[in-house]
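Read the structure below first, then the notes.
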Amino acid sequence: MKRKLIYLISYLAYSAIYIARVNLTMANPELVSLGIVDTVQIGILGGVFSAMFASGRLFNGAISDKAPPWAMISGGLALCALSNIIIGFFPPFIGILLLWTVNAYAQSMLWGSMLSVMSQIYDESTAKKRTAFLSTSVAVGNIISILFCTWLITHFDVKYAFIIPGVITLILGLAVAITTHDVKPCGGEEKHLSMLELLRRKELCIISIPAFLHGIMKENISLWMTVYVIDTYAIDLRESAYYLLLIPAFGFVGRAVHQVFYKLFKENEHAVSLLGFMLCIVFSVMLVAFRPSAFYSVACLTAIYAAVSMINTSFLSIYPHRYRHEGNVSSVSGIVDFVTYLGAAVGALIYGVMIKSFGYDSMFISWAIASLLGSIVISKFVKIKR
Numbered sequence: 031m032k033r034k035l036i037y038l039i040s041y042l043a044y045s046a047i048y049i050a051r052v053n054l055t056m057a058n059p060e061l062v063s064l065g066i067v068d069t070v071q072i073g074i075l076g077g078v079f080s081a082m083f084a085s086g087r088l089f090n091g092a093i094s095d096k097a098p099p100w101a102m103i104s105g106g107l108a109l110c111a112l113s114n115i116i117i118g119f120f121p122p123f124i125g126i127l128l129l130w131t132v133n134a135y136a137q138s139m140l141w142g143s144m145l146s147v148m149s150q151i152y153d154e155s156t157a158k159k160r161t162a163f164l165s166t167s168v169a170v171g172n173i174i175s176i177l178f179c180t181w182l183i184t185h186f187d188v189k190y191a192f193i194i195p196g197v198i199t200l201i202l203g204l205a206v207a208i209t210t211h212d213v214k215p216c217g218g219e220e221k222h223l224s225m226l227e228l229l230r231r232k233e234l235c236i237i238s239i240p241a242f243l244h245g246i247m248k249e250n251i252s253l254w255m256t257v258y259v260i261d262t263y264a265i266d267l268r269e270s271a272y273y274l275l276l277i278p279a280f281g282f283v284g285r286a287v288h289q290v291f292y293k294l295f296k297e298n299e300h301a302v303s304l305l306g307f308m309l310c311i312v313f314s315v316m317l318v319a320f321r322p323s324a325f326y327s328v329a330c331l332t333a334i335y336a337a338v339s340m341i342n343t344s345f346l347s348i349y350p351h352r353y354r355h356e357g358n359v360s361s362v363s364g365i366v367d368f369v370t371y372l373g374a375a376v377g378a379l380i381y382g383v384m385i386k387s388f389g390y391d392s393m394f395i396s397w398a399i400a401s402l403l404g405s406i407v408i409s410k411f412v413k414i415k416r
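When you read off a place in the sequence shown, starting at 1, and then add 30, the result is the number in my numbering.
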């Protein structure tokens, strides 16, 4: 019973941090119209978030192998809450930038420790399954954020899209501290590898390339989807929310069906990633070649997001458990997540300028190219593993 409660609280907590992240995406049009930020500054916020999150995942990944999970998770949720609540009072842009950076670091403290919790309360096979499904909290958080933040913005004020998610994460931080205070970290094994030893592993170096490339797409779909639909099809925020719900909904589907393909490909998560990259190529090209309606464009975006979610589940939920017996589950997830969000940061910083100069098609074309390169690298890796 206690394991189920821990799992439930962990699921809710990780969903909540996405509400405290996607809220910026949903608030973007209103913030721009009010003159609080502009398009280039949106790109800067997205890029800085990804860069700090990436750095934090690398640093906190190593710490989380040995630090008490409840302290890392609850501490991250508390910082996330504080930064969002203060942003709701809209300080000057430099203040928003600093607070959003704190939010990014705070959110980087959670996943590695959650993997440690899963590896401690379940056996290896069960931990992989539970962690794979735990990753669906990303999509659930996105869905809730689109609905909830749209409601807050349209019925109350845009500031509540930051203040209320902050209060929610604070409450869940307390719940995590109560339920997981006696769960120990997983890095006490004698075979535990140092970060330097891990970085020398050939397979980790190879995995880092497609991880970086899929990161270019992952966070930027969420960052730009609202502005893209509103700018391209001249629809209001409330109407766009109904379309945009399909994206995280299919993200949930992509993560949920991962286990189906994982079993189909004989528990080879890299083969699932290869399939995901190939799907990204197809739908990115379709998005550029045809654009008859908002529904068609959102359908292509949902398919890309579902495919990226499959890739992300392979990299961050399944692959790190290969290092369970060395006690490096959190460290490996931190390394892979670091390069993933490094890709997201590079993409966000570049896309703010690209979209302003060349339009949204330039971003979609870059996704097709990144997916092609990812397919080539991961296919060679699958061949090496065979």
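From the three backbone atoms N, C-alpha and C, an ideal C-beta is built for every residue, glycine too.
Since the structure is predicted, the reported quantities are computational estimates derived from the model, not experimental observations.
For F120, there is no enclosing alpha helix (DSSP H), since its DSSP letter is neither H nor E. Separation of L228 and R87 (C-alpha to C-alpha, rounded to the nearest whole angstrom) is 15 Å. Uninterrupted alpha helix (DSSP H) stretches at least 4 residues long and entirely within the segment 232-271 occur at 232-263, given in chain order. The beta carbons of S303 and I408 sit closer together than 8 Å. By the 16-neighbour rule on beta-carbons within 10 angstroms, P215 is buried. CA-to-CA, the gap between R354 and L164 works out to about 17 Å. A distance below 8 Å separates the beta carbons of V369 and S238. Look at the beta carbons and you see the segment 330-339 touching the segment 278-297: at least three pairs across the two are nearer than 8 Å.
Counting the other Cβ atoms within 10 Å of the Cβ of L75 gives 16 or more, which makes it buried. Fewer than three Cβ pairs drawn from the segment 316-333 and the segment 372-380 lie within less than 8 Å of each other, which leaves the two stretches out of contact.
Within a 10 Å sphere around the beta-carbon of E154 sit fewer than 16 other beta-carbons, which makes this residue exposed. With a 10 Å radius around the Cβ and a threshold of 16 neighbouring Cβ atoms, V290 comes out exposed. Judged by DSSP secondary structure, R87 falls within the alpha helix (DSSP H) whose first and last residues are T69 to S94. Inter-segment contact for the segment 45-60 and the segment 165-177 is present: three or more beta-carbon pairs are separated by less than 8 Å. Only residues of its own chain outside the window of five on either side were considered, and among them S94, P99, M102 and I103 have a CB closer than 6 Å to the CB of S143, listed in chain order. Selection L346, R33, S401 and L403 evaluated against V213 yields R33 as nearest (Cα-Cα). Contact between H300 and S344 holds, with the beta-carbon distance rounding to 7 Å and staying under 8 Å. If the five residues before and after N172 are omitted, its C-beta is found closer than 8 Å to the C-beta atoms of Y48, V52, S252, I277, P278 and G281, all from its own chain and listed in chain order.
Spatial neighbours of D391 in its own chain (CB-CB distance under 6 Å, excluding positions within 5 residues in sequence) are listed in chain order as V318.
Nearest to M316 by alpha-carbon distance, out of I395, F295, L403 and V132, is I395. For H351, no alpha helix (DSSP H) segment is defined, and its DSSP state is neither H nor E.
Residue nearest to N342 within the set L305, F79, L127 and T199 is L305 (criterion: CA-CA distance). Only exposed fits S63, as fewer than 16 other CB atoms lie within 10 angstroms of its CB. In the displayed model, T199 falls within a helix according to three-state DSSP. In the displayed model, Y390 falls within coil according to three-state DSSP, outside both helix and strand. The beta carbon of G118 sits closer than 6 Å to those of K189, F192 and I193, all from its chain and outside the five residues before and after it, given in chain order. Restricting attention to L61, N90 and S146, the CA atom closest to the CA of S40 is found in S146. Counting only residues of its own chain and dropping the five nearest sequence neighbours on each side, S113 has a CB closer than 8 Å to the CB of L129, W130, V132, N133, A136 and G196. By the C-beta density criterion, P240 is buried, having at least 16 other C-beta atoms within 10 angstroms. Pairing I36 with M384, the inter-Cα distance amounts to about 44 Å. In the DSSP assignment, K159 falls within the unbroken alpha helix (DSSP H) covering E154 to L164.
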